[in-house]
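Each remark here refers to the structure printed beneath this line.
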Amino acid sequence: MLDREAMAAGEPAIIGAQPSRRPQDEVLCDMSLPLRGVFYPLGYSIEIMTNSPAVLSAANESFGHVRSPRGHTPLQIRLGVVGGRSAACPPEPTRREFDSLYSLVADVDNQALLDLATGTNFTWVTDAAVDNGLYFRSNFLEKAVYLLLGASVVTDIHAACVSKNGKGVLLCGDSGAGKTTLAYACARSGWTYTSDDTSYLINNVESPRVIGHSHRVRFRPSAKQLFQELESRAVTPRMEGKPSIEVPISELPVKETAAEVEVHCILYLDRQPSARGELTRLPSGTASRRAGDALYSAGQIRAKHIENLESLRDIPTYELKYRDLESAIEALESLMRRT
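Going by the numbering used here, the sequence shown wraps up at 360, each residue one higher than the last.
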């Protein structure tokens with residue numbers, strides 16, 4: 022049937038024709054996110070809003086190990102999944118930051134935008150990204166969540182963490198210094214495991230305490246040469262282009278874990294071919310300064326992080342020169358007996 026007004030104007034029209042797409046549809050600003058899930062990364066409550074059940078499944082894999090909240094946050098993570106131009110896994114995202122604004126851009130279809138000051142955020146990814154589980158979790162889901170938590174309740178430190186008799190030791194150092202392998206080797210020998218290469222300093226506490234991903238370990242592929250139990254494990258790309266082997270701690274020969282521990286001393290690792298587990302005391306304030314230099318944050322968020330890191334200023338800090346894991350563990354045992 023023809024529309025009478027259109028006919029009078031000399032323009033034929035069909036009643037019931039589909040309306041044209043709105044301009045806002047093109048930029049996905051009104052994407053419906055009907056699926057909700059509450060999770061507790063690091064023990065802090067967040068709500069994930071999405072249009073894909075696969076996203077909630079991935080969130081459960083990343084955060085489902087914690088069921089009880091440490092504290093409430095108002096954070097809502099908005100994550101929409103769309104059809105993409107390619108079925109291949111997207112490339113590693115490029116990160117950019119200005120003050121509290123942060124972006125992750127893998128390609129035209131896979132991007133995230135975050136305002137770290139207000140918590141406002143939205144991530145757009147394709148089915149191909151979500152289907153590559155560890156890629157999606159490491160590069161978008163976990164990255165967005167931990168960036169937002171890091172802007173509000175914790176300060177992340179590039180350090181592994183183990184403890185003995187409740188005394189936490191941060192293992193710091195440059196990439197490749199052996200933080201993860203030493204932490205895991207300690208855990209295999211009876212220490213309590215808290216984290217592999219990232220620990221989260223809790224903000225605004227009297228004594229410095231850190232939270233870690235005590236439910237899993239992410240190794241570099243070279244760890245297969247050190248630990249026989251990793252030989253059959255698959256290698257998967259992760260954040261910053263670094264391949265990794267992710268293993269649940271429950272599948273490894275580790276008896277004791279602790280999600281949170283008080284920091285009693287800090288070690289900077291220096292692996293050298295001729296070293297024999299030599300410990301040298303470093304000046305007060307070394308850890309605060311070095312951890313601050315390693316921060317990725319900017320602007321007001323960075324200023325907050327620098328202030329929080331001051332809680333490490335007077336924690337006994339050492340340099341550990343070591344050749345192999347056995348000599349490093351022996352030096353750590355000796356240090357624990359003295360503290």
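Virtual Cβ for every residue (Gly too), placed ideally from N, Cα, C. Nothing here was measured: the structure is a model prediction, and the numbers come from that model.
Please report how far the alpha carbon of residue i lies from the alpha carbon of residue j, in whole angstroms.
i, j, result
"L330", "Y221", "11 Å"
"M357", "C286", "9 Å"
"G92", "G197", "34 Å"
"L152", "C110", "Residue identity differs from the one stated: residue 152 is Asp in this sequence, not Leu. Computed Cα separation, rounded: 8 Å."
"V183", "N160", "26 Å"
"A127", "F157", "11 Å"
"N131", "P112", "9 Å"
"S121", "H236", "30 Å"
"K342", "S309", "20 Å"
Restricting to Cα atoms, I'd like to know which of the options is closest to residue i.
i, options, result
"R73", "R88, R57, V175, F84", "Looking at the sequence itself, residue 73 is Ser, so the reference to Arg does not match. Closest option to S73, Cα to Cα, is R57."
"A324", "A172, L77, L251", "A172"
"P304", "T257, Y343, P269, I336", "I336"
"S66", "A79, N225, L54, G85", "G85"
"G105", "D148, L251, R88, S228", "D148"
"V166", "Q97, N186, V183, G154", "Q97"
"T141", "T176, S124, N81", "S124"
"R145", "M70, E281, E118", "Residue identity check: residue 145 is Trp in the sequence provided, not Arg. Checked all of M70, E281, E118; the closest Cα to W145 is M70."
"L192", "E347, L290, D51", "L290"
"L169", "L135, R99, E347, E281", "L135"
Assuming residue i and residue j form a contact by the criterion Cβ under 8 Å, report the distance between their Cβ atoms to the nearest whole angstrom.
i, j, result
"V129", "V102", "Their Cβ separation, rounded to whole angstroms, is 15 Å, which puts V129 and V102 out of contact at 8 Å."
"T278", "Y339", "Not confirmed; about 24 Å, so no contact."
"R292", "G199", "5 Å"
"A255", "S216", "At roughly 22 Å, the Cβ-Cβ gap does not stay under 8 Å, so A255 and S216 are not in contact."
"S265", "R239", "5 Å"
Secondary structure at residue i, three-state DSSP: helix, strand or coil?
i, result
"D136", "strand"
"K361", "Look at the range of the chain in this structure, 22 to 360, and you will see that residue 361 is not part of it."
"R323", "helix"
"C207", "helix"
"V151", "helix"
"P362", "Outside the shown range of the chain, which is 22 to 360, sits residue 362, and nothing can be said about it."
"S295", "coil"
**Message:** In chain order, what are the residue ranges of uninterrupted alpha helix (DSSP H) at least 4 long that sit wholly in the segment 329–360?
**Reply:** 346–359
**Message:** Extract the residue ranges of the beta strand (DSSP E) inside the segment 212–255, only unbroken runs of 3 or more that lie entirely within it.
**Reply:** 213–216, 220–223, 230–232, 237–240
**Asked** Quick one: complete beta strand (DSSP E) runs, 3+ long, within the segment 66–111?
**Response** 92–103
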